[in-house]
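All residue numbers for the first sequence refer to my numbering, where the first residue is 711 and numbers rise by one. Even for Gly, the Cβ is constructed at its ideal location relative to N, Cα and C. Working notes, structure below.
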Amino acid sequence: MTSPPPLPDRYDFAATEPEIYRAWLDAGCFDAHAEHSSRVGGERQPYTIVMPPPNVTAILHVGHGLNNTIQDVIVRWARMRGAEALWVPGTDHAGIATQNVVEKLVAAEGKTRFDLGRAAFVQRTEEFVARTGGTILEQLRAIGASADWSRTAYTLSPELSVAVREAFVRLYERGLIYRGHRVIHWCPRCLTSLSDEEAEFNDETGKLYHIGYPVEGQPGRELVIATTRPETMLGDVALAVNPDDERYRDLIGHSVRLPIVNRSIPVIADAYADPTFGTGVVKITPAHDANDFEVGRRHSLPMPVVIDETGKLGEIADADGRVPAELNGMDRFEARERIVEILRTSGELKKIETHQHAVRHCYRCDTVVEPRLSDQWFVKMEPLARPALQAVRDGAIRILPERWEAVYVNWLTNIRDWNISRQLWWGHRVPVWYCDECDPPQDIIVSRDDVRECPHCGCPVRQDEDVLDTWFSSGLWPLSTLGWPDEQSADLAAFYPTDTLVTAPEILFFWVARMIMLGYEFTGRAPYHTVYLHGTARDTQHRKMSKSLGNGIDPLDVTKLYGADALRWTLIAGMGMGADVVLDPEDLDKSFAAGRNFGTKLWNIGRFLLDRVGSDPVQPLAAVDRGALTRADEWILSRLDAAIAECDRALGPLWPTTPHDSPDGLVWRESERYAGLKLNEYAEAARHFVWNELADWYLESLKSRLETPGADREAARAVLVHAFDQALRMLHPVVPFVTESLWQRLPGRAAGEFLVRASWPAARGAKQSRAAQEFEQVREVVLAVRQIRGDNAVAPGKMIEVLVRPSGADGGELRTLLEQELATIGRLTRSETRIVDDVPEGAAAHAVIGGGTEVIVPLAGLIDVEKECARLRGEVAELEKQILSREGRLNNAKYVERAPEQVVANDRAILQEMKTKREQLVDKVRSLCGA
RNA sequence: GGGCGAAUAGCUCAGUUGGUUAGAGCACCUGCCUUACACGCAGGGUGUCGGGGGUUCGAGUCCCUCUUCGCCCA
């Protein structure tokens, strides 16, 4: 048999990664098959993740990198666990965001979207998306995303648009969508309404203006109000005071004169007025404040509109004569200054205070949002929220980390109706038509199909101009990507409900909660059983990485410099659940050292191992006679079992398994609900095994065994290949490329086999063998010698003499064991090791290890006797302290009486051992230091 | 203003129902280019568990309180 060419010294990730990714694609490794799903009679339980669709105009940033790496780790793990794993990729048309991008392009040509007109603008946007829209999905391939690209979805595709219409019509028919006339959040730059969630709060230092409104019929008396937005006063229709507020009770029912506008408005009593805020008097501007609107409705007040859609003052509706000519057409902030000036001149401005308050801004363009009275489509949320709340309470859905569940419950409990219409051009047009000809006017027509003529009078109809909130379509994502509303869809039957959703907490309300609500509404089932919320990528000053701050990291830069595995490892291993990932955009070398170093280490382990093992056939471990295994073999196999168990513990169960009387059928039991998906703990457990156990101990201990042909060599080869094979499987979900590359080279690998499709390691279940425990004794001796070397600064390469005096406590078994392992100890410590019965005279360094065994390094001239004495005395002193503390505790009658027996007994045993060790150390000090 | 959470090593974080001498990774310090790996090897823990009080034989862990910070909501 010919030997394979030796592996290159350096792992060439730049050449290897694309090659391996191509091989995976060609072999269809990421393709899921509906017919394999156990839900439709197949042999595999499905495991599905739908990718949070990035905006179609997005380019990859480290946040996407983190989000998608987490998903890829989970989906690769599920695939190896034998699931029919499906990861559905796709993009979001991202209404406002995309429209803004194209508007900027148009603006560069000196035009607005209105110059182009709706049809041309939409076409322009479609062309832009067609040209650039696939970019981010291409980029995800470079970081190893194992998504099923044949199912790539797009929220504005014809298929998904069908789902959107179906959802709208069904909700309408159920009475859950309605047309509402109320004050909503309006962005004067984007020229659209926004949902509550899209109008984000910024804490700002503003001003609180105190303005006097003269009381009519009581000269000299005035009511002073405090407002942050004096420009809205032109639309004031009343002043409100709290009915319980003694200060103003006599004025209820009277009138005041509205300054500037110079007209009479009433003083009303309403609990909305907060006696403790400002002066306790609040001006009521129903058309320009949501709370005032409610007050206005309660008191049947007029609702004059004095600010237009672009934020300029004017007499827009029912405002006859309220806006003075000099303010007409003026921008709202300019008008604020001007009005304050006018009031200052007239003496009606009483004072100005600085004021901390939260101001709503458009989440897309950061413009200050203007409350605006208008007609919008709303979704009635309370009935939708009920099952979504119950699901989390029952445990049908878990949210990780746990603390977000409280936030979710709190939001859903106080949910408000959702404004879903947007005055944009880019999106799903509201499927509502109006007939202007019918007499009397007909009700609106809500339809799944386009309507051309009025079903009542046959006249032409016009479609509602608005489009739907982008989040309305993404809220259907788990359904629509799997074929809903087509009840015959194979994917829907095979893969819905999906399993885990991985996203950032910022869109818990925007997206996650709405998907859950719509999932229950349309299927009666939760869309997934696990919501995993991960942290944010931040720079070293803990600022969120962002384009505008210029502190971002391009994941593709990282893959070019260190490879995709290095990127993935660094992100996964460095991220506690829900915790932010801190990286330094100024120093990629340092930031990604962990991933780069680990990849190199893995490569070197593989290089060494494959070279020494050779390509001759290797026995499967099961075929190796147990008696042929050395203590080191047994030890590494037991460590492997422990590592597998630890990885499984950290990753937790894939699915909930506890039957429950709810629509979902299965719920998380408390013991497992918050237990899994600790990806960093899993990664660390796997890393610790391969690096600190397999490489540092096992490989080092068996070098000579591989040089001599024979049964022992074959046993070592079998164990080595088995352990490394299992280690590569364990690590594959995090670092798929380098593990696949090495795994392919293991002896006996058949063509067409892929690690990506290999089975997840299973512990052998062999109980901790005696031989494995005995190897721990060997390790203790080695560690003691190394510590002596370190403490005495003896160069690691220098051959030394080591004497071991076994404790006689076990009747000589330990002595036999150590005699058999002398060669291993010698190799691992670079020493001539001997067993002795007596401690020789002369200068030597000493260590006492478990059970009283002594390790002696007689190195006259190599060690500093003074230093060694000091060290030993220090150790004795430390021991004394601990003995004292423990004795004190054991002398406490209450402790002995009340603490569990086990705890006390354990304490006594430890005390005894400490005392033994102290005696030995004191002896050493006496003989070595003569004191 | 309401709610939730956090505060443990230089940094990011674990620490299960209270029970040995509080841990991990990275960073750091010391010694080494020891024939797979200096992107490495060997050794080293550097801590008033935010402050104060309480419960308990025993508190990082439970209770109260204060401080600081973060997130969500209004």
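Asked	Found
Among Glu1542, Arg1480, Thr1240 and Ser1184, the one whose alpha carbon lies nearest that of Pro763	Ser1184
Residue closest to Glu1004, alpha-carbon to alpha-carbon, out of Glu1531, Gly1245, Ala983 and Thr1208	Ala983
Lys1508, buried or exposed, once every other Cβ within 10 Å from all chains shown has been counted against 16	exposed
The segment 799–812 touching the segment 1073–1086, judged by at least three CB pairs closer than 8 Å	yes
Sequence ranges, alpha helix (DSSP H) only - wholly within the segment 1269–1355, length at least 4	1274–1283, 1298–1301 and 1303–1323
Buried/exposed call for Gln1436, threshold 16 Cβ in 10 Å	buried
Whole-number beta carbon distance between Trp1121 and Ala1223, since they are thought to touch under 8 Å	7 Å
Selection from Arg1126, Val1632, Ala1396 and Leu1094 that minimises the alpha carbon distance to Arg880	Leu1094
Among Val798, Val1015, Ile853 and Leu1412, the one whose alpha carbon lies nearest that of Phe723	Ile853
Cut-off 6 Å between Cβ atoms - residues of its own chain near Thr686, not counting five sequence neighbours on either side	Any property of residue 686 remains undetermined from this structure, which presents the chain solely from 711 to 1641.
Exposure label - Gly660; buried when at least 16 CB within 10 Å	In the structure displayed, the chain extends from 711 to 1641; residue 660 sits before or after that span and is not available.
Buried/exposed call for Gln781, threshold 16 Cβ in 10 Å	buried
C-alpha distance - Phe1182 paired with Glu1391, whole-angstrom precision	36 Å
Segments of 3+ residues assigned as beta strand (DSSP E) that fall wholly inside the segment 1128–1193	1142–1144
CB contact flag (Ile1510, Leu1528, <8 Å)	no
Terminal residues of the alpha helix (DSSP H) in which Ser1603 lies	Per the sequence presented here, residue 1603 reads as Ala, with Ser not at that position. Start and end: Ala1603 to Arg1608.
DSSP-derived helix/strand/coil call for Gln1483	helix
Pairwise C-alpha distance: His964 and Gly927	9 Å
Through-space distance from Ala1303 to His920, alpha-carbon basis	59 Å
His1556 classed as buried or exposed, judged by whether at least 16 other C-beta atoms fall within 10 angstroms	buried
Under the three-state DSSP convention, the category Thr712 falls into	Its pLDDT being 43, under 50, Thr712 is placed unreliably in this model, and the value from its coordinates should be taken loosely. The answer is coil: DSSP assigns Thr712 none of H, G, I, E or B.
Buried or exposed (CB count within 10 angstroms, at least 16 for buried), Gln849	buried
Cα-Cα separation between Ala829 and Lys814, rounded to whole angstroms	17 Å
Closest Cα partner of Leu1298 within the set Arg1139, Pro1265 and Val1492	Pro1265
Segment contact flag, the segment 1621–1637 with the segment 1583–1593, C-beta cutoff 8 Å, min 3 pairs	yes
8 Å contact criterion, which Ile1566 and Ala1554 should meet: CB distance rounded	5 Å
Element boundaries [beta strand (DSSP E), containing Leu1088]	Correcting the residue type first, residue 1088 is Phe in the shown sequence and not Leu. Note, Phe1088: beta strand (DSSP E), Glu1080 to Val1089.
Per-residue DSSP class, three states only, for Tyr1392	helix
Three or more C-beta pairs below 8 Å linking the segment 758–777 and the segment 883–891	no
Inter-stretch contact at 8 Å, needing at least 3 Cβ pairs: the segment 1470–1490 / the segment 1336–1355	yes
Boundaries (first-last residue) of the alpha helix (DSSP H) holding Ala1421	Ala1421 to Leu1441
Cross-strand partners of Pro976 (DSSP beta bridge)	Ser965
Separation of Leu826 from Leu870, as counted between CA atoms	27 Å
Through-space distance from Val1614 to Lys1604, alpha-carbon basis	11 Å
Secondary structure of Trp859, DSSP reduced to three states	helix
Contact test: Lys1060 Cβ vs the ligand PLP heavy atom, cutoff 7 Å	With respect to the ligand PLP, the structure offers nothing, as it holds no ligand at all.
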